[in-house]
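A quick write-up on the structure given underneath.
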Amino acid sequence: MTRPKNILFIMADQLRHDYLGCTGHPTLRTPVIDALAARGVRFANSFVQAAVCGPSRMSFYTGRYAVSHGATYNNYPLRTDEWTLGDYLAPLGLRTALAGKTHMKADEAGIRRLGLDPATGRGQFLAECGFEPFDRDDGLHRLAPYVPEVAYEHYLRAQGYQGTNLWHEVANSVQRDDGEDPSGWLMRNARFAAVVREEDSETPYMTRRAMDFMTQAGEAPWCLHLSYIKPHWPYIAPAPYHARYGAADVLPGNRGLGEEAPHPVLDAFRQHPESIAFREDECRNTVIPAYMGLIEQIDDHLGRLFDFMERKGLLKDTLIVFTSDHGDYLGDHGLGEKELFYEDALRIPLIIADPSPAADATRGTVVEEMVEAIDLIPTFIERLGGAVPGQRLEGRSLAPFLLGEARTEDWRDAVFAECDYSLRHARKTLDLAPMDARACMIRTGRWKYIHHVRFRPELYDLQNDPLEQQDLGTDPGHGDIRDGLQARLFDWLYQCRTRVGIGDDWIRDSTGMAFQRGYRFGYW
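Residue numbers (numbering that gives the first Met the number 0): 0 to 523.
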């Protein structure tokens, strides 16, 4: 079987599953991504393991649930003993590099405990989440704990831009001549064009860096994680993308909140400033057009990238993935930002285009089965011809769907996710200890059940209430459903892969062999 040589792993930050042309948005123009779906497979029911950047990405990069890898919120370090994408791909001969964002927080204490330097060699590999940092840029420049000045800042200075913090003052501030604050942190400024010229903004810059990497890599096999920082806030787009869409393109919000007495955790999140702002029509009508413009900009520059790859002869042997690390509420459910467990935040676009002739029969198909972010690493390993180490990886390879070999009767019938809100204002509102500000979810084809540490559960009937407006967490007629889903949730927690040093095959071969090793216990 012909196998891919390279992997291009593209991730947009905070991109909702329903904000692409190929996923049904009526006015958003994404012809390049739509064409990618037409020559690959689109997974219509794809879910992240946590609806916030850090833990979601750590699950993508480790192939493990958040409860297993432990980096359960932004800037919570990923332990040094966790294997990441580079650990799995290096033995298969791939150079694994990064252009863009990871939101990785290094376990510097653990790295130094091993006698390593986080800035060099193996220590840097651990500190950079297993990626070669060809050009790492997590945004939020000059805000702790991020690097004070990165390559993009140097690039902007070389183009003649001036200021103290060019990420903020140029890339994410706007052109105003009325003396008002131009900061992109103010969502009311999303209607204006960014100070930065379009060709110097974050998306085209990182696209060029991806091209630079491919040129430098030559004929050697590689995996490049091209991780765009947009359409994540600040919702500031450069001209002309800031004006591509208007209020007429803003879809009605999912505002049938459905609860006279909302769940306490939901109520606490609705008190956050971003939720209060996004409940106003003016905010939605200002921000969402900019958000859409940023998505169209990504699509346009992916077109440039794919044209470059075609000229270089790279499309014929590169497996391409396009996805997102989580969604964005944009006012739905009375919320801003992400987190919690509604589909708007938890569900992501996922497109995989396999160049191999063996995948020809599935091109343009849509898979309805539920898949998880942790499925990508097993997919990469299998398509490259490696053996998937089941004692660590908790996902399942999607290769059978790409090659038309899937047996849906034995595919998963549920997905799982977690939420650690210990760093959020909601925890203080609820007067919770940090370890109590947690929840986890099981979602089947019909039901979504959410277990909260200190509060009652939530339950949604996705068949009869697809917009998740009616919480059945206390409904007396659904007690058996809640009990059954809670039992499945706890079974899942007990089955997470914590016994990572020994594989199941070794255990099977060694079971009952104590007497053969000389252990004669039990004799009379």
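Ideal Cβ positions, reconstructed from N, Cα and C, are used throughout, including at glycine.
Cutoff 7 Å; reference residue i; Cβ partners in own chain excluding five residues on either side
i, result
"Asp106", "Pro76, Leu77, Arg78, Thr79"
"Gly245", "Pro288"
"Lys100", "Asp12, Asp136, Asp137, Gly138, Ser226, Ile228"
"Gly389", "Gly502, Asp503"
"Trp82", "Thr61, Arg391"
"Ala216", "Arg94"
"Cys495", "Tyr64, Val66, Ser67, Glu393"
"His24", "Asp17, Tyr18"
"Gly55", "Going by the sequence as given, residue 55 is Ser instead of Gly. Contacts found: Val47, Gln48, Ala49, Asp324, His325, Ala372."
Host beta strand (DSSP E) of residue i (start-end)
i, result
"Glu417", "413-419"
"Trp491", "Note, Trp491: premise wrong, no beta strand (DSSP E); alpha helix (DSSP H) at 478-494."
"Glu179", "Note, Glu179: premise wrong, no beta strand (DSSP E); not H, not E."
"Pro499", "Looking at the sequence shown, residue 499 is not Pro but Val. That residue, Val499, is in no beta strand (DSSP E); it is neither H nor E in DSSP."
"Glu131", "131-135"
"Leu349", "349-352"
One or two residues paired with residue i in a DSSP bridge
i, result
"Trp221", "Arg94"
"Asn44", "Met369"
"Val173", "Ala193"
"Thr524", "For residue 524 there is no data in the structure shown, the boundaries of the chain being 0 and 523."
"Ser226", "Met10, Gly99"
"Ala344", "Per DSSP, none; premise fails for Ala344."
"Leu250", "Answer is none; Leu250 lacks a bridge partner."
"Leu77", "Ala105"
Closer than 7 Å: residue i CB and nearest the ligand MG heavy atom
i, result
"Glu152", "Looking for the ligand MG in the displayed structure turns up nothing, as the structure carries no ligands at all."
Span of the alpha helix (DSSP H) around residue i
i, result
"Asp151", "In the sequence as displayed, the identity of residue 151 is Tyr instead of Asp. 150-157 is the span of the alpha helix (DSSP H), which, as asked, contains Tyr151."
"Ile9", "Per DSSP, Ile9 belongs to no alpha helix (DSSP H); it is in the beta strand (DSSP E), 5-12."
"Ser67", "65-68"
"Tyr234", "Segment: none, Tyr234 is in no alpha helix (DSSP H) and carries neither H nor E."
"Met210", "201-216"
"Cys52", "52-61"
"Phe379", "375-382"
"Gln123", "120-126"
"Gly85", "84-88"
"Leu402", "398-402"
"Ser509", "503-509"
Contacting residues, own chain, Cβ-Cβ under 8 Å from residue i (five flanking each side not counted)
i, result
"Phe415", "Gln48, Tyr64, Glu371, Cys439, Met440, Ile441, Arg442, Leu488, Trp491"
"Gly43", "Note on identity: in this sequence residue 43 is Ala, with Gly being the wrong assignment. Within the same chain, Ala43 has close Cβ partners Thr22, Val365, Val366, Glu367."
"Gly162", "Glu168, Val169"
"Gln270", "His424, Ala425, Thr428"
"Val31", "Asp298, Asp299, Leu301, Gly302, Phe305"
"Leu484", "Ile441, Thr443, Trp446, Tyr448, Leu458"
"Phe46", "Leu345, Arg346, Ile347, Met369, Val370, Glu371, Ala372, Val414, Ala416, Arg442"
"Ala193", "Val169, Ala170, Asn171, Ser172, Val173, Gln174, Gly183, Ser200, Ile235, Ala236, Pro237, Ala238, His241"
Proximal residues to residue i (C-beta, below 6 Å), its chain only, five neighbours per side dropped
i, result
"Ala267", "Ala425, Thr428, Leu429"
"Ala360", "Gly403"
"Ala236", "Ala289, Gly292, Leu293"
"Asp116", "Gly122"
"Asp419", "Thr71, Tyr72, Arg437"
"Leu466", "Asn253"
"Glu179", "none"
"Trp166", "His140"
"Leu88", "Thr95, Cys222"
Supposed close pair residue i, residue j - CB separation, criterion 8 Å
i, j, result
"Pro348", "His102", "Wrong, their Cβ atoms sit about 19 Å apart, outside the cutoff."
"His241", "Gly302", "Contact doesn't hold; Cβ gap of about 20 Å is too wide."
"Gly85", "Gly129", "3 Å"
"Ile350", "Gly109", "At roughly 35 Å, the Cβ-Cβ gap does not stay under 8 Å, so Ile350 and Gly109 are not in contact."
"Thr317", "Pro90", "Not quite, the Cβ-Cβ distance comes to about 20 Å (not below 8 Å), so this is no contact."
"Leu27", "Leu19", "7 Å"
"Met213", "Lys311", "7 Å"
"Val323", "Tyr72", "Checking the sequence shown, residue 323 turns out to be Ser, not Val. With a Cβ gap of about 18 Å, Ser323 and Tyr72 do not count as contacting."
"Tyr204", "Tyr154", "6 Å"
"Thr407", "Ser396", "Contact flag wrong, Cβ pair sits at about 14 Å."
"Phe133", "Leu375", "So it is not a contact: roughly 20 Å between Cβ atoms."
Chain B contact for residue i (CB, 8 Å cutoff)
i, result
"Ser274", "Protein chains in the displayed structure number just one, and chain B is not present."
### Message
Suppose only complete runs of 3+ residues qualify. What are the beta strand (DSSP E) ranges in the segment 424-471, listed by chain order?
### Response
437-443, 446-451, 457-460
### Query
Taking only runs of the beta strand (DSSP E) that begin and end inside the segment 265-340, which ones reach a length of at least 3 residues, in chain order?
317-323
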